[in-house]
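In the working numbering, the protein residues as written are 2 to 144.
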């Protein structure tokens, strides 16, 4: 059987969990397709693909540093409540999109709201977390 190597295009079914909760899964969808080693998925999962064969399943544990990185305390910003339009929902946990002065879109999460301020967190929601993936290799197209 063909073993996956760098540069191959693979299709996998996966379920990703952290803290016992599923955060993403390909169940009920087409398999995820990507080129191994091309940086199209998180590094820790990408690095687990070489050597797998079609039909093989395995569990891959990815530390935060090889997933979405550690949480960066500098990625939080406090904004005056008056700077946010009243029609914008500000419940803690709500995902919003801000724009940098250069016009780049930045996803943020509402962390805390007071009468005068809103704390927004630009860290990825999975930053700082160890991730576990149940992976099944469905197909491999050699490079």
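Note that beta-carbon positions come from the ideal geometry of N, C-alpha and C, so glycine has one too. None of these values were measured; they are calculated from a predicted model.
Should residue i be listed as close to the ligand SAH, given that the test is whether its C-beta is under 7 Å from any heavy atom?
| i | result |
| --- | --- |
| residue 25 | The ligand SAH is not part of this structure, which contains no ligands at all. |
If you count every other CB in all the chains shown that lies within 10 Å of the CB of residue i, and 16 or more means buried, which is it?
| i | result |
| --- | --- |
| residue 89 | exposed |
| residue 124 | buried |
| residue 20 | exposed |
| residue 17 | buried |
| residue 9 | buried |
| residue 39 | exposed |
| residue 50 | buried |
Looking at the unbroken beta strand (DSSP E) that takes in residue i, where does it start and where does it end?
| i | result |
| --- | --- |
| residue 108 | 106–114 |
| residue 122 | 118–122 |
| residue 17 | 10–19 |
| residue 140 | 132–142 |
| residue 25 | 22–26 |
| residue 96 | 96–100 |
| residue 61 | 58–63 |
| residue 80 | 77–81 |
Tell me the rounded alpha-carbon separation between residue i and residue j.
| i | j | result |
| --- | --- | --- |
| residue 57 | residue 86 | 51 Å |
| residue 5 | residue 31 | 20 Å |
| residue 122 | residue 69 | 14 Å |
| residue 133 | residue 59 | 10 Å |
| residue 53 | residue 12 | 12 Å |
| residue 3 | residue 129 | 35 Å |
| residue 102 | residue 48 | 36 Å |
| residue 34 | residue 105 | 27 Å |
| residue 126 | residue 91 | 17 Å |
| residue 74 | residue 37 | 32 Å |
| residue 116 | residue 93 | 14 Å |
| residue 144 | residue 77 | 42 Å |
Would you please state the rounded distance, in angstroms, between the beta carbons of residue i and residue j? I believe it to be under 8 Å.
| i | j | result |
| --- | --- | --- |
| residue 15 | residue 136 | 5 Å |
| residue 120 | residue 79 | 5 Å |
| residue 96 | residue 118 | Not a contact, Cβ separation roughly 19 Å. |
Starting from residue i and walking both ways along the alpha helix (DSSP H), at which residues does that stretch end?
| i | result |
| --- | --- |
| residue 46 | 44–47 |
Quick one: any contact between the region 112–120 and the region 23–32, if contact means 3 or more CB pairs under 8 Å? Put simply, the region 112–120 does not touch the region 23–32. Fewer than three CB pairs are less than 8 Å apart.
Any 3 or more C-beta pairs closer than 8 Å across the region 63–76 and the region 37–49: Here the region 63–76 makes contact with the region 37–49; the two share three or more CB pairs at distances below 8 Å.
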